[in-house]
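Participant: Once you've had a glance at the structure underneath, I'll fire off some questions.
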Amino acid sequence: MGRVSTLLALSFRLATALASMGLALAGCETRVSLGASCRDSAECGEGVCGVGGRCRAECVRSDDCAAGARCLRDPATGLRGCSLALDTCSAGSCADGLRCVEGQCLGVCIQSIDCPDGLCVDDACVVPTTVDGGVADAPSLDAPVSSCPEGGTLSVDVGRWSVCAIRCDQQVYCWGHWGPALLGTEAPAMCDGTPCFEAPHAIDLPPQRWAEVAVGDTRACARSEAGEVWCWGLLVETPLSAPARIVQEGGVAFVASELVAGGSHHCARDAGDGSLRCWGWNAAGQLGDGTMLHSAPAVVAFEGVESAGVFAGEWRTHVIDVEGRVHGAGQNDDGEIVWPSSESTPAGSRSDLPAPARDLAVTDNATCALLDEGRIVCWGRTAVLFGRSDPSSAMDCPPNLCVPTPFELARGRIPPGPLEGIEGDRFAPYLLAWNAAGQLYGVGGSDQQVLGTDPYVYEAVQLVALMGARTHFVRAGAETACAILDGTRELVCWGQNHVGQLGRGGHGPAQGMALAPAWP
Numbered sequence: 180m181g182r183v184s185t186l187l188a189l190s191f192r193l194a195t196a197l198a199s200m201g202l203a204l205a206g207c208e209t210r211v212s213l214g215a216s217c218r219d220s221a222e223c224g225e226g227v228c229g230v231g232g233r234c235r236a237e238c239v240r241s242d243d244c245a246a247g248a249r250c251l252r253d254p255a256t257g258l259r260g261c262s263l264a265l266d267t268c269s270a271g272s273c274a275d276g277l278r279c280v281e282g283q284c285l286g287v288c289i290q291s292i293d294c295p296d297g298l299c300v301d302d303a304c305v306v307p308t309t310v311d312g313g314v315a316d317a318p319s320l321d322a323p324v325s326s327c328p329e330g331g332t333l334s335v336d337v338g339r340w341s342v343c344a345i346r347c348d349q350q351v352y353c354w355g356h357w358g359p360a361l362l363g364t365e366a367p368a369m370c371d372g373t374p375c376f377e378a379p380h381a382i383d384l385p386p387q388r389w390a391e392v393a394v395g396d397t398r399a400c401a402r403s404e405a406g407e408v409w410c411w412g413l414l415v416e417t418p419l420s421a422p423a424r425i426v427q428e429g430g431v432a433f434v435a436s437e438l439v440a441g442g443s444h445h446c447a448r449d450a451g452d453g454s455l456r457c458w459g460w461n462a463a464g465q466l467g468d469g470t471m472l473h474s475a476p477a478v479v480a481f482e483g484v485e486s487a488g489v490f491a492g493e494w495r496t497h498v499i500d501v502e503g504r505v506h507g508a509g510q511n512d513d514g515e516i517v518w519p520s521s522e523s524t525p526a527g528s529r530s531d532l533p534a535p536a537r538d539l540a541v542t543d544n545a546t547c548a549l550l551d552e553g554r555i556v557c558w559g560r561t562a563v564l565f566g567r568s569d570p571s572s573a574m575d576c577p578p579n580l581c582v583p584t585p586f587e588l589a590r591g592r593i594p595p596g597p598l599e600g601i602e603g604d605r606f607a608p609y610l611l612a613w614n615a616a617g618q619l620y621g622v623g624g625s626d627q628q629v630l631g632t633d634p635y636v637y638e639a640v641q642l643v644a645l646m647g648a649r650t651h652f653v654r655a656g657a658e659t660a661c662a663i664l665d666g667t668r669e670l671v672c673w674g675q676n677h678v679g680q681l682g683r684g685g686h687g688p689a690q691g692m693a694l695a696p697a698w699p
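Heads up, the sequence shown is in the working numbering, so the first residue is 180 and it goes up one at a time.
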């Protein structure tokens, strides 16, 4: 989600940029006309004619711009330039290559949901060219990733008791609970009687530029920048002997722009038309194809819905469509998809949100949406999120504990400032949220030191685990959470470690402070 840039910060950026570039030279009237319209960079003096046809200060990443400004990239030319105070917008008013996010035209991305028409590659939205189910001109393996420094991490995901990550050197690693061949080989250690990897273990994937990883209970998958999805573990019932590419029925390939994991199913968004593909277990209808039949090939989910973002719970799948509506399929015991509740539903959608949704958090029995104006509304079993009572005493989910219609999370239970993103734990009832400054907060129920020492946190608390560090990329598991820190892209994890989830080379007590894995 886009960081919110204030007019004051951008005005300061414009003034300081002019001063630092020495433009007000005595006897010289030539100036870099930052913000002026341009056709090519020759018209911008020492600036660059970047995104949106305006002169901008050159940048490689947002760290090169002043506080509050972002480094925008033109998908057509590849040129990069800092955002300006002029980059304000209303829906549909931005130039090609930009999208309007909270009143500002933005072209960079944190994840592929920020790119409705393309992939998030190197912090920029790009549109893939499909050729016979593949992608032409895929990025070279030798091409540098400017926004991912040596020793940093591109992507991480946390399952119930397992963690996988993609390092900046393009190697994929996993650690924690071994599960049914989840980590791709025989486990070398035992953690309290459970097979485990106590330190990161390299996954033998084909040489590609890997962009995203998603970890479930029975399977982990990775998506390449070229849009291929490869998985290891159980496809449905039989363990894979080696990582395999996921295709549709008849071996038909698809190009994925976003990848998520539920408990025993995965889903990917098609980069071409925004449609959805899902595969794996389907006992609750979570594949979204209208059946309850398991499938190893990917099936078309939510047919006719153009997805702008996909999210998965343990037994359900949700989609935000291009108009901000929320659709769901799968487990619906507590009305976490639609009300009235039932055992499961092949498909349902919410038409009662007070505003379009731009992000979603899926917890074990509740769903929360981050709306365009920065509010959070939730539905389903929301007792812990709203601080009503211990949910263990409400197994029948009476009306005062289950919310049939979206209910706004009180201001005291969400972090201050404009919200940029939310993340739910699909295996436990807690919610993480971060603001534009990258400050991470949590609310809900967790006794695993993910939110703190109190098992039930009813008011939003800033997570002490990060000790003031800023992040815009966080993933939550049942007992452990991990974040990629801003700037350095260092990976840190905190919470339980009884099966080596922290990747520190051992297993033991929970850690309330964020620690980096012990990389090979």
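By construction, the Cβ of each residue, glycine as well, lies at the ideal position given by its N, Cα and C atoms. If you're wondering where the values come from, they're calculated on a predicted model, not measured in any experiment.
Comparing C-alpha positions only, which one of GLY509, SER486, VAL505, ALA487 sits nearest to LEU472?
Facilitator: Comparing Cα positions, the closest option is GLY509.
Participant: Helix, strand or coil: which one does DSSP assign to VAL678?
Facilitator: In the structure shown, VAL678 sits in coil (DSSP, three-state: anything other than H, G, I, E or B).
Participant: Could you compute how far the alpha carbon of GLN680 sits from the alpha carbon of HIS444?
Facilitator: Those two C-alpha atoms are separated by around 21 Å.
Participant: Report the partner residues of ALA356 according to the DSSP bridge assignment.
Facilitator: The amino acid occupying residue 356 in the given sequence is His; Ala does not appear at that position. According to DSSP, which records beta bridges pairwise, HIS356 is partnered with CYS375.
Participant: Under 9 Å between the Cβ atoms of CYS327 and CYS343?
Facilitator: Result no, Cβ atoms of CYS327 and CYS343 do not sit closer than 9 Å.
Participant: Check the C-beta distance from HIS651 over to GLY685 and give it rounded, since I have them as a contact under 8 Å.
Facilitator: The Cβ separation is near 30 Å, so there is no contact.
Participant: Specify the secondary structure class of GLY232 as computed by DSSP and reduced to three states.
Facilitator: Correct three-state label for GLY232: helix.
Participant: Can you tell me whether ALA534 is buried or exposed, with buried defined as 16 or more other CB within 10 angstroms of its CB?
Facilitator: Exposed, by the Cβ-count rule.
Participant: At what residues does the alpha helix (DSSP H) containing LEU564 begin and finish?
Facilitator: Element bounds for LEU564: 562 to 565.
Participant: Determine the closest residue to ARG649 out of GLY666, ALA697, ALA440, with distance taken between C-alpha atoms.
Facilitator: Cα-wise, what sits closest to ARG649 is GLY666.
Participant: Taking only the alpha-carbon atoms, compute the straight-line gap between ALA689 and CYS661 and give it to the nearest angstrom.
Facilitator: If I take the Cα positions, the gap works out to 14 Å.
Participant: What I want to know is whether the C-beta of LEU580 ends up closer than 8 Å to one or more non-hydrogen atoms of the ligand ZN.
Facilitator: With respect to the ligand ZN, the structure offers nothing, as it holds no ligand at all.
Participant: Assuming PRO608 contacts GLY623 (C-beta within less than 8 Å), just tell me the rounded distance between them.
Facilitator: So it is a contact: roughly 5 Å between Cβ atoms.
Participant: Does the segment 540 to 547 come within contact of the segment 477 to 484, defined as at least 3 CB pairs closer than 8 Å?
Facilitator: These segments do not touch.
Participant: Should the segment 443 to 458 be regarded as contacting the segment 481 to 488, the criterion being three or more beta carbon pairs within less than 8 Å?
Facilitator: As far as the Cβ criterion goes, the segment 443 to 458 touches the segment 481 to 488, which means the pair count is three or higher.
Participant: Can you find at least 3 beta carbon pairs, one from the segment 425 to 437 and one from the segment 368 to 386, that sit closer than 8 Å?
Facilitator: Cβ pair count under 8 Å is below three, so no.
Participant: Let's test the definition: count the other Cβ atoms within 10 Å of the Cβ of THR470 and tell me whether it reaches 16, buried, or not, exposed.
Facilitator: With fewer than 16 Cβ atoms within 10 Å of its Cβ, THR470 is classed as exposed.
Participant: By how many angstroms is the C-alpha of ALA536 removed from the C-alpha of PHE586?
Facilitator: Each residue's alpha carbon lies about 14 Å from the other.
Participant: For THR584, is the classification buried or exposed, using 16 other Cβ atoms within 10 angstroms of its Cβ as the cut-off for buried?
Facilitator: Label assigned to THR584: exposed.
Participant: Taking Cβ to Cβ, would you say TRP518 is nearer than 9 Å to TRP558?
Facilitator: In contact: TRP518 and TRP558 (Cβ atoms closer than 9 Å).
Participant: Under 9 Å, do ALA236 and CYS261 count as touching if we go by C-beta distance?
Facilitator: Yes.
Participant: According to DSSP, what are the bridge partners of ARG654?
Facilitator: DSSP lists CYS661 as partners of ARG654.
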